[in-house]
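K.L.:
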Ligand SMILES: Cc1cc2nc3c(=O)[nH]c(=O)nc-3n(C[C@H](O)[C@H](O)[C@H](O)COP(=O)(O)O)c2cc1C
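In the numbering used here, the protein residues as written are 167 to 384.
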């Protein structure tokens, strides 16, 4: 193993070790949304000519290295992986996303990770780009990945229930509605209306849009 790869593994271990020391129960490896691991995976951004670039086996290597490093700290049942097949955020692009992410999902099987968290191609960052439709990314990857699938991106209570009922995903994650509804599960369970989120406060640095959305009164 070359030195650069040893460094990457140690860095992955260090992050997980700090998370463990801080009291977290597990970690989710962020391989989505144009962050570093995603930049390695997708061939629109990975222009490397070493063993981490070129064919898909090389581009997915960094994801697997980091995942293995986290597993060595937490154990596989405490490590999940988040991917965004067809993710366009941050200028991401791949010439064959289904093949690329299908390969990645298949390689996660023998590692025994706790779950695969997939962002559907209906959102770009926090902006909707396609409304509704079946969760295609989850459908495609669930026949490859053996463990639990979490789907995210543009779901409401109804479409989330449908995705689980139809077997497209095992769980559904919510982003924006949770930002605006501190009691989201209570509201969904009791069929209460949701607070609308205010996009202008999503990326600000004070309390507004952070801890001032009201709880339901019933
Ligand atoms: C304010 C805000 C910050 C976010 N930050 C991140 C992030 O750092 N990393 C990430 O992968 N997704 C991030 N997301 C995306 C969410 O994790 C989620 O995938 C997205 O909002 C789609 O789910 P939704 O339709 O339920 O909101 C963010 C979303 C919002 C609204």
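A virtual CB, placed ideally from N, CA and C, is assigned to each residue, including glycine.
Could you pull out every unbroken alpha helix (DSSP H) segment of at least 4 residues lying fully inside the stretch 313-347, listed in chain order?
P.N.:
Whole alpha helix (DSSP H) segments, 4+ residues: 323-331 and 342-346.
K.L.:
Quick one: measure Cβ to Cβ for residue 247 and residue 274, integer angstroms, because I've assumed they're closer than 8 Å.
P.N.:
What you label residue 247 is simply residue 81 of the chain shown in a count that begins at 1. What you label residue 274 is simply residue 108 of the chain shown in a count that begins at 1. So it is a contact: roughly 6 Å between Cβ atoms.
K.L.:
Which residue comes first and which comes last in the alpha helix (DSSP H) that contains residue 286?
P.N.:
Indexing the chain shown from 1 puts residue 286 at position 120. It is not in any alpha helix (DSSP H) - residue 286 carries neither H nor E in the DSSP assignment.
K.L.:
Based on DSSP bridge pairs, tell me the residues matched to residue 193.
P.N.:
The residue given as residue 193 occupies position 27 in the chain shown. In DSSP, residue 193 forms a bridge with 245.
K.L.:
Which residue comes first and which comes last in the alpha helix (DSSP H) that contains residue 254?
P.N.:
Along the chain shown, read from residue 1 onward, the residue named residue 254 stands at position 88. Where residue 254 is concerned, there is no enclosing alpha helix (DSSP H), given that its DSSP letter is neither H nor E.
K.L.:
Would you say residue 279 and residue 313 are within 8 Å of each other, going by their C-beta atoms?
P.N.:
Along the chain shown, read from residue 1 onward, the residue named residue 279 stands at position 113. Along the chain shown, read from residue 1 onward, the residue named residue 313 stands at position 147. Their beta carbons are under 8 Å apart, which means residue 279 touches residue 313 by this criterion.
K.L.:
State buried or exposed for residue 241, treating a residue as buried only when at least 16 other CB atoms are found within 10 Å of its CB.
P.N.:
The count along the chain shown starts at 1 and reaches residue 241 at position 75. That one is exposed.
K.L.:
Looking at residue 369 and ligand 1, is the gap between the Cβ and the nearest heavy atom below 7 Å?
P.N.:
Taking the chain shown and counting its residues from 1, one reaches residue 369 at position 203. Under cutoff, so the answer is yes.
K.L.:
Go to residue 236, then tell me how far its alpha helix (DSSP H) extends in each direction, as first and last residue.
P.N.:
Within the chain shown, the letter at position 70 stands for residue 236. 227-240 is the extent of the alpha helix (DSSP H) around residue 236.
K.L.:
Compare the beta carbon distance of residue 369 and residue 346 with 8 Å and say whether it is the shorter of the two.
P.N.:
Numbered from its first residue, the chain shown carries residue 369 at position 203. Numbered from its first residue, the chain shown carries residue 346 at position 180. Cβ atoms of residue 369 and residue 346: not closer than 8 Å.
K.L.:
What distance in whole Å lies between the Cβ atoms of residue 334 and residue 301, which are believed to be in contact at a cut-off of 8 Å?
P.N.:
The residue you call residue 301 lines up with position 135 of the chain shown. The residue you call residue 334 lines up with position 168 of the chain shown. Residue 301 to residue 334, Cβ: 5 Å. Contact.
K.L.:
May I ask you to check if the CB of residue 244 is nearer than 7 Å to at least one heavy atom of ligand 1?
P.N.:
The sequence position of residue 244 within the chain shown is 78, counting from 1. No, Cβ of residue 244 sits at least 7 Å from all heavy atoms of ligand 1.
K.L.:
Does the distance between the C-beta of residue 343 and the nearest non-hydrogen atom of ligand 1 fall short of 7 Å?
P.N.:
Numbered from its first residue, the chain shown carries residue 343 at position 177. Within the cutoff, so yes.
K.L.:
Would you mind stating whether residue 200 and residue 255 have Cβ atoms separated by less than 8 Å?
P.N.:
Here residue 200 refers to the residue found at position 34 when the chain shown is read from its first residue. Here residue 255 refers to the residue found at position 89 when the chain shown is read from its first residue. Yes, Cβ-Cβ distance for residue 200 and residue 255 is below 8 Å.
K.L.:
With 16 as the cutoff for other CB atoms within 10 Å, does residue 303 come out buried or exposed?
P.N.:
In the chain shown, residue 303 corresponds to position 137, counting from 1. With 16 or more Cβ atoms within 10 Å of its Cβ, residue 303 is classed as buried.
K.L.:
Where does residue 306 land, buried or exposed, given buried means 16+ other C-beta within 10 angstroms?
P.N.:
The residue given as residue 306 occupies position 140 in the chain shown. When all chains shown are included, residue 306 counts as buried.
K.L.:
If you run the structure through DSSP and keep just helix, strand and coil, what is residue 384?
P.N.:
In the chain shown, counting from the first residue as 1, residue 384 sits at position 218. Note: residue 384 maps to coil in three-state DSSP.
K.L.:
Ligand 1 and residue 284: does the residue's C-beta get closer than 7 Å to at least one heavy atom of that ligand?
P.N.:
Here residue 284 corresponds to residue number 118 of the chain shown, with the count starting at 1. Because no heavy atom of ligand 1 lies under 7 Å away, the Cβ of residue 284 does not count as near it: no.
K.L.:
Determine the DSSP secondary structure at residue 204, reduced to helix, strand or coil.
P.N.:
Reading the chain shown from its first residue, position 38 is the one you call residue 204. In this structure, residue 204 counts as helix in the three-state DSSP scheme.
K.L.:
Here's the rule: buried if 16 or more other CB atoms are within 10 angstroms of the residue's CB, otherwise exposed. What is residue 293?
P.N.:
If you number the chain shown from 1, residue 293 lands on position 127. Under this definition residue 293 is an exposed residue.
K.L.:
Confirm, please, whether the CB-CB distance from residue 197 to residue 249 is below 8 Å.
P.N.:
On the chain shown, residue 249 is found 83 positions in, with the first residue counted as 1. On the chain shown, residue 197 is found 31 positions in, with the first residue counted as 1. Contact: yes.
K.L.:
Considering only the beta carbon of each residue, do residue 217 and residue 225 sit closer than 8 Å?
P.N.:
Here residue 217 refers to the residue found at position 51 of the chain shown. Here residue 225 refers to the residue found at position 59 of the chain shown. No, they are not a contact pair.
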